[in-house]
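Each remark here refers to the structure printed beneath this line.
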Amino acid sequence: MSETGPNPPFILAEDVWVKFLIRYHRTEVTLRETFVGLLRLLSRRNGRDGRWRQEFWALRGINFQAGPGDVVAIIGRNGSGKSTLLKTLAGICEADRGRVEVRGRVGCLLSFGVGFNSNLSGRENIYLNGSILGLPRRTIDARLDDIIAFSELGQFIDAPVRTYSAGMRGRLGFSIAIHIEPDILLLDEVLSVGDTAFRAKAGSILDRFRAENKTVVLATHNMNLVREVCTRAVWIHDGQVMLSGRPDEVTAAYTKFQMPPAAAARAAHTEQD
Amino acid sequence: MIGVSAQRPSLLSGLRELYARRETVVYLVSSNLKAGHRNKVLGNLWNLLDPLLSLSIYYLIFGVLFQQAGRRPSDYLIYLFVGVLAWRFLEGTITQAATCIRTYRGLIAEINFPKSVFPLSISLSRLYDFLWGLLVLLVVLLLAGRHLSLHALWLLPLILVQLLLTAGLAYLVAYLGAFFADTANIAAVVLRLGFYLSPILYFVGGEHSRVPERYLSLYMLNPMACLLEGYRAGLIQHRSPELGHSLYLVAVTLATLAAGFSLFSRGEGKFAKYV
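Protein chains in written order, with our numbering: chain A, 574 to 846; chain B, -17 to 257.
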């Protein structure tokens, strides 16, 4: 992790392909199936492309770019590749083909509080999690009070994390993540945690990022959020970019695409009136 | 982070990355140790009780029941204690390393950071336990009326070698465990076999040797055999470890570490997809 440099944040993905092997996701393989698979592998009749090693291309030739001041929304149906794209940009998944270039410190918020050790207190977890996210101890010391204040945990900060509610965990995780002061923030449908007040606070963070010429990429199903705070929207379908452009245009096309034919006809009819 | 493109990470850059994350390793070790005994009535006393209890079991079964101890019970007890302690260090690390990538799958799937911190921090946590065990061993030695000589200083390089050997194996096993969940089962069997193939429960060399003379050089190909005999040389027999064995041990250790670490570094970008 390089320190925040004078260079503006920048993300570039060129013709990125990412593959998953389905085999590794199967957990209930019976002994009989295993033997059948082995025999098949030995006889090479079905070879490597048998039922045991199915490939699945989650991303198929994605081109994507974002620069300073961009707040880009990634929209698309479940399983369309939104999260995989974010993980690839974050460097969590390797691209099997293509090129990914990222400049700037990445604050990756795919979900909150995953790194918490539930037997340790909230305070101890701030140090552990902050360190995993790449913060040196001295920086955590300096920001500790802000992190605790933003999380609104108060006296509970010294209680073990296993006693926290989901919302409390989410608040602590979000608070740690934004205090990394990243140049690039990657968010995966995480702004929906916490109560209304906390969500408003989180929303204003996005505006602050844009004002500070940083880069935000967020995957979301909330079309209002896309229209209100994003500068650009990218619609992904089956691992490919369907449309990229102004938020209102892309969300309109996406909403129309998602509607069943009857509802679409009704909507068109209403528009005519 | 500049350029996450598809370039292969080299061994050197992997080591540099790990060094940059030394603070994270420290936090992982301390949280591992802190959380380990926190909910127990006896707390940190378990650091002392664990090795003592397993020592007593082995002593009762193999020393008394199978009569390995013979007419030199305290010799056997101390001999056994050294072996059991060092083996627990190895076994505990490997067992934990086999599942570590899966244990931390949540973290690995959500945050980009060098995964190489895990096998190392597991090795260091078990080293901490090992050092507590050595402390108990020293007390036992003094109670048994033994004394320490300057040769006991050999312990320091030997402990370092064991740490490196253990960490190397931990990287190897962690890599395999990320892709094949079966690794934990296989590792358990191999460890069991290794336990009986190492000089822990029985004497090797000398008048009470259980290993026939002509198989001895073959037997000593096991690096743990060299290591354990080295510990005993410095601690009990007041002499230096055998030079040939030590050189062989160091060579195996460095090879294992290089192989394990570079293999693990190559897999790092793929873990998030497979666990």
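Glycine included, every Cβ here is placed at the ideal spot set by N, Cα and C. Predicted, not measured: the structure shown is a model, and the values here were computed from it.
Item, Value
"Straight-line CA distance for A/Ala825 to A/Ala631?", "24 Å"
"Please report the straight-line C-alpha distance between A/Gly707 and B/Phe95, rounded to a whole angstrom.", "8 Å"
"Which of helix, strand or coil does DSSP assign to A/Thr788?", "strand"
"Quick check on B/Ser244: does DSSP put it in helix, strand or coil?", "helix"
"Any beta carbon from chain A within less than 8 Å of B/Met(-17)'s own beta carbon?", "Its pLDDT being 40, under 50, B/Met(-17) is placed unreliably in this model, and the value from its coordinates should be taken loosely. Yes, B/Met(-17) lies at the interface with chain A (some Cβ there is under 8 Å from its Cβ)."
"Does any heavy atom of the ligand HEM sit closer than 7 Å to the C-beta of B/Ala68?", "The ligand HEM is not part of the structure shown, which contains no ligands of any sort."
"Between B/Val7 and B/Leu154, which are expected to be in contact by the criterion C-beta below 8 Å, what is the C-beta distance as a whole number of angstroms?", "Not confirmed; about 19 Å, so no contact."
"Check the Cβ-Cβ distances between B/Ser258 and every residue of chain A, and say whether any is below 8 Å.", "The requested residue 258 of chain B is not part of the displayed model; chain B covers only -17 to 257."
"Below 7 Å on C-beta distance, what does A/Lys655 contact in chain C?", "You won't find chain C in this structure, because its protein chains are A and B."
"Report yes if the C-beta distance between B/Ile90 and B/Ala215 is below 8 Å; otherwise report no.", "no"
"For A/Trp630, write down the residues that DSSP places opposite it in a beta bridge.", "A/Lys592"
"With 8 Å as the threshold, decide whether the Cβ of B/Gly25 is near any Cβ in chain A.", "no"
"Name the chain A residues that come within less than 8 Å of B/Ile218, Cβ to Cβ?", "Within 8 Å Cβ-Cβ: nothing; B/Ile218 doesn't reach chain A, min ~39 Å."
"Starting from B/Gln219, trace the alpha helix (DSSP H) both ways and give me its first and last residue.", "Counting along the chain, B/Gln219 falls outside any alpha helix (DSSP H), and DSSP gives it neither H nor E."
"Under 8 Å between beta-carbons, which chain B residues line up against A/Lys660? List them in chain order, please.", "Ala91, Ala254"
"Can you check whether the CB of B/Leu0 is closer than 8 Å to the CB of B/Val276?", "Outside the modelled stretch of chain B, which goes from -17 to 257, sits residue 276 of chain B, for which no answer is possible."
"Can you say whether A/Lys829 is buried or exposed, counting buried as having 16 or more other CB atoms within 10 angstroms of its CB?", "exposed"
"So that I know if they touch, is there some Cβ in chain B lying closer than 8 Å to that of A/Val609?", "no"
"List the residues of chain A whose Cβ lies closer than 7 Å to the Cβ of B/Thr6, in chain order.", "Ser704, Ile705"
"Reducing DSSP to helix, strand and coil, say where A/His598 ends up.", "Residue placement at A/His598 cannot be trusted, given a pLDDT of 46 that sits under 50; what the coordinates show is reported in the next sentence. If DSSP states are grouped into helix, strand and coil, A/His598 belongs with the helices."
"Whole angstroms is fine: what's the gap from A/Val609's alpha carbon to B/Thr165's?", "21 Å"
"Does B/Glu195 pass the burial test, meaning 16 or more other C-beta atoms within 10 Å, or should it be called exposed?", "exposed"
"Mind checking A/Thr607: buried by the 16 CB within 10 Å criterion, or exposed?", "exposed"
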